[in-house]
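Position in the sequence shown (from 1) plus 176 gives the number in our numbering.
Ideal Cβ placement from N, Cα and C applies to all residues, glycine included.
Every value quoted in this text rests on a predicted model; they were computed, and no experiment measured them.
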Amino acid sequence: MWVPSHDSWTAGQEDDGRWVPDWEEPEPSPPPATSIAWIEWHVIWWWSTVIDRSLGSGEHQRQDVTWHGPSRSMAAIDRLREDWLGHLDGLCEDDLSSGTLTRWPYSDDGPFSLVAGWVNMELMKNVAEMALIRRTTPFYGQSG
């Protein structure tokens, strides 16, 4: 799997077949370059966390989220999109104005519409990062 540099964060396959992302706490400064695999995992992690913390049990942990591999990650992101839109469609204006559902990434009582806006912003940023890596990597898609 191609990575931008030798110290980039990516996802590695464990002996049991799971793809586990690189992670370090606290996050290094500056943060390392990341692979497309890592960014796909990151989208799956933060989006599933927003859904769980806002609308689910709130027990979702980063360590429980693995990358789905090169052939299934986009399908997982598509499912999260469908879940998210389904949840948003069920909300009324009061739900969006209230802070009742605002639990992550914000921990204050700000309106849930801020969380919905953050999801849009974060997704656009992550898609742009993947596109930039793909566009600037002449060997993308080749092994080595």
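For this session: Look up tryptophan 280 in the DSSP assignment and say whether it is helix, strand or coil.
Result: Position 104 of the sequence shown, counted from the start, is the residue given in the question as residue 280. Coil at tryptophan 280, not helix or strand.
Exercise. Which one of Asp228, His236, Asp183 has the shortest CA to CA distance from tryptophan 214?
Worked result: To locate residue 214, count along the sequence shown from 1; it is residue 38. The candidate whose alpha carbon is nearest that of tryptophan 214 is Asp183.
Exercise. What whole-angstrom Cβ distance do threonine 278 and leucine 261 have, given they're in contact under 8 Å?
Worked result: Here residue 278 corresponds to residue number 102 of the sequence shown, with the count starting at 1. Here residue 261 corresponds to residue number 85 of the sequence shown, with the count starting at 1. Contact flag wrong, Cβ pair sits at about 19 Å.
For this session: Could you tell me which residues DSSP pairs with threonine 225 in its beta bridges?
Result: Here residue 225 is taken as the residue at index 49 of the sequence shown, counted from 1. BP columns for threonine 225 are empty, so no partner.
For this session: May I ask whether a heavy atom of the ligand MN can be found less than 7 Å away from the beta carbon of arginine 257?
Result: Looking for the ligand MN in the displayed structure turns up nothing, as the structure carries no ligands at all.
Problem set entry | Check whether histidine 244 and isoleucine 212 have beta carbons under 8 Å apart | Translated into the one-based positions of the sequence shown, residue 244 becomes position 68. Translated into the one-based positions of the sequence shown, residue 212 becomes position 36. No, Cβ-Cβ distance for histidine 244 and isoleucine 212 is not below 8 Å.
Problem set entry | Buried or exposed (CB count within 10 angstroms, at least 16 for buried), valine 241 | By one-based count along the sequence shown, residue 241 stands at place 65. By the 10 Å Cβ count, valine 241 comes out buried.
Exercise. Name the DSSP beta bridge partners of glycine 188, please?
Worked result: In the sequence shown, the residue the question calls residue 188 occupies position 12. According to DSSP, glycine 188 bridges with Val196.
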